[in-house]
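Sequence positions in the sequence shown follow UniProt numbering and run 1 to 488. A virtual CB, placed ideally from N, CA and C, is assigned to each residue, including glycine.
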Amino acid sequence: MGVITIVGLGPGSVEGLPYGTLQRLKSGMPVYLRTARHPVVSFLDEQGIPYEALDYFYEQAETFAKVYESIVEHLLHQVDSVGQLMYAVPGHPAIAERTVSLLVQQASEHGHQVVFGQGHSFLDDVLLRLGIDPIEGLVFIDASDTDSAHLNPRMHTMIVQMYNREKAADVKIALSEVYGDEYVVTVVRAVGLEDEEVVQLPLYQLDRVASIDHLTTVYVPPVVEHLEELGEFSALLEIVAHLRSPEGCPWDMEQTHESLIPYVLEEAYEVVDSIQKGDMDGVMKELGDLLLQVALHGQIGTEEGYFTMRDIIRAVSTKLIFRHPHVFGQDEAKDVGTAIENWEYMKSLEKSDDQSKQLVSILDQVKYAQPPLRESVKLQQKAAEVGFDWPDIQGALCKLREELDEVIEAASVVQQKEEIGDLLFSVINVARHLSIDPEVALQAANKKFRTRFQEVEHQLAEKNWSFSDSTLDILEEFWQNAKERETL
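The following block contains the structure:
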């Protein structure tokens with residue numbers, strides 16, 4: 001079994017090099033430096049400490065990930081040969097060092113022991129220089145991993161490993177998506193050294209800083225107010241919670257899951273309407289209104305103790321992973337059809353886990369919780385799958401005429417209500433046989449009615465008439481005029 005000792009060279013100055021680490025470096029053990037681009041290395045030269053710098057791996061590999069893998073592979077090969085070695089990295093060995101985490105993992109797999117020496121992190125000096133207490137919350141991110149998913153505007157944020165202007169440009173874009181171009185950040189370089197630089201600037205200037213190198217750190221201060229302007233989901237939840245609080249809005253406070261049902265449906269349809277109109281700004285706003293409904297239900301669930309917003313997100317996330325074995329598992333799906341089959345199969349496994357949900361009827365596969373028109377279509381489709389269906393359109397049309405006659409003959413309100421329902425069901429059946437989506441057809445009819453009715457209103461306005469001034473014959477004439485103008 002070999003032994004790998006990992007030590008840190010400190011943040012930059014000789015004063016930051018731990019005495020114990022210096023003594024280890026002088027012990028005669030083979031020393032490997034991740035990089036010689038560190039201010040302390042010249043001091044090691046003065047002390048006559050031999051070492052091998054591994055900078056040449058940066059020149060050979062195309063990506064940093066490959067560099068780190070090559071360095072670890074090299075170190076493991078060396079320890080196999082010599083039995084023990086020392087690996088020295090900038091700063092602290094356990095902070096912002098990808099090679100160290102890889103080395104610890106793979107050394108164990110190869111049967112080698114890893115021993116950590118002392119180290120002094122540049123992060124300590126940066127925090128001290130900027131007067132930041134990490135207990136307030138600190139996010140520490142590698143520049144290569146800077147994206148909106150990793151950012152938390154409520155926290156102090158440090159971005160490291162920003163080696164050059166190209167990397168700075170990537171960081172600028174990622175930060176601007178969350179904070180905005182004008183947000184002021186602090187660039188700290190060579191902290192604790194004679195050429196230390198601390199500069200405050202707006203984000204859009206981040207990649208214009210003249211001196212960006214391996215000693216550069218970007219500090220992004222937390223946002224203390226107007227978090228909603230940054231699109232923070234947590235800010236929405238806080239707003240909704242406040243609206244439901246005793247200091248909130250009377251209307252919001254009295255809402256229940258049941259009372260919000262009409263609004264959920266209304267907002268969902270308004271999203272659909274904006275999509276069909278191709279109004280992307282409208283889609284964005286209507287999705288926000290729909291999200292508000294989800295947030296309200298999440299808050300009510302929290303107050304009642306049944307579930308939280310986190311439970312909602314956890315449930316749907318777990319479901320998505322489970323039902324996509326071709327994405328998150330070992331299965332494959334080369335086309336949409338196979339993906340749907342996988343989804344339905346995994347969905348059936350979910351149901352089989354609960355014996356109380358065993359199907360009694362094939363129609364149990366059709367959910368009640370959907371618009372009645374869509375439920376009717378799916379019920380008929382399920383029945384048709386087992387042969388319970390008219391063989392052709394003629395049977396469906398005859399049934400439609402029969403139901404219309406029964407509406408006409410109905411003697412009471414109760415009968416009329418029942419027969420109207422049967423008539424609508426038959427109309428949907430005819431549409432299904434014609435491969436026409438009844439919802440789409442009805443939406444087109446609604447749109448046509450709106451257009452023609454508004455044209456009737458326009459004709460009335462031209463004569464300075466109101467509906468009360470007109471007879472049905474006049475309105476019918478205007479209606480026919482509207483129909484004719486559609487064809488012009």
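Going by DSSP, A88 is part of the beta strand (DSSP E) stretching over 84-89.
In this structure, DSSP gives Q370 a state outside helix and strand, which the three-state scheme calls coil.
DSSP places Y219 in the uninterrupted beta strand (DSSP E) bounded by 216-220.
Between the segment 87-99 and the segment 112-120, the count of C-beta pairs closer than 8 angstroms reaches three or more; the two stretches touch.
Between the segment 46-57 and the segment 105-116, the count of C-beta pairs closer than 8 angstroms stays below three; the two stretches do not touch. Distance between L130 and V218, taken at the CA atoms: about 11 angstroms. Y32 is positioned such that its CB atom lies closer than 8 angstroms to that of L75. Beyond the five residues adjoining it in sequence on each side, N152 comes within less than 6 angstroms, by CB distance, of V139 in the same chain, given in chain order. Taking 3 residues as the shortest admissible run, the segment 207-286 contains the following complete beta strand (DSSP E) segments, listed from N- to C-terminal end: 216-220.
With contacts defined as CB atoms closer than 8 angstroms, D422 and E406 qualify as a contacting pair. For P202, DSSP records a beta bridge to V184. In the three-state scheme derived from DSSP, where H, G and I count as helix and E and B as strand, I135 is classed as helix. Where H38 is concerned, there is no enclosing alpha helix (DSSP H), because DSSP gives it neither an H nor an E. Between the alpha carbons of D469 and K382 lies a distance of about 52 angstroms. Under the three-state reduction of DSSP output, T157 falls in the strand class. Judged by beta-carbon spacing, H433 lies beyond the 8 angstroms limit of W465, meaning their Cβ atoms are not closer than that value. Within its own chain, the residues whose Cβ lies closer than 6 angstroms to the Cβ of Y204, once the five positions on either side in sequence are excluded, are D181, listed in chain order. Sequence-distant partners of A36 (beyond 5 residues in either direction) whose C-beta falls short of 7 angstroms from its own C-beta, in its chain, are A53, D55. DSSP places I6 inside the beta strand (DSSP E), whose first and last residues are 3-8. With a beta-carbon spacing of about 4 angstroms, V3 and Q84 fall inside the 8 angstroms limit used to define contacts. Buried is the label assigned to A190, since at least 16 other Cβ atoms lie within 10 Å of its Cβ. An exposed status is given to S412, since fewer than 16 other beta-carbon atoms sit within 10 Å of its beta-carbon. When the beta-carbon positions are compared, T216 and V198 stay at least 8 angstroms from each other. Here the C-alpha atom of K367 lies approximately 50 angstroms from the C-alpha atom of I135.
N429 sits away from K463, with the two beta carbons spaced by 8 angstroms or more. Residue environment for P50: exposed (fewer than 16 other C-beta atoms within 10 angstroms of its C-beta). D364 is the residue among D364, G337, A431 whose C-alpha sits nearest the C-alpha of S348.
Under the three-state reduction of DSSP output, I362 falls in the helix class. When Cβ pairs closer than 8 angstroms are counted between the two stretches, the segment 232-242 is seen to touch the segment 292-311, the count reaching three or more. Looking at the backbone, the Cα of A169 and that of V160 are separated by about 14 angstroms.
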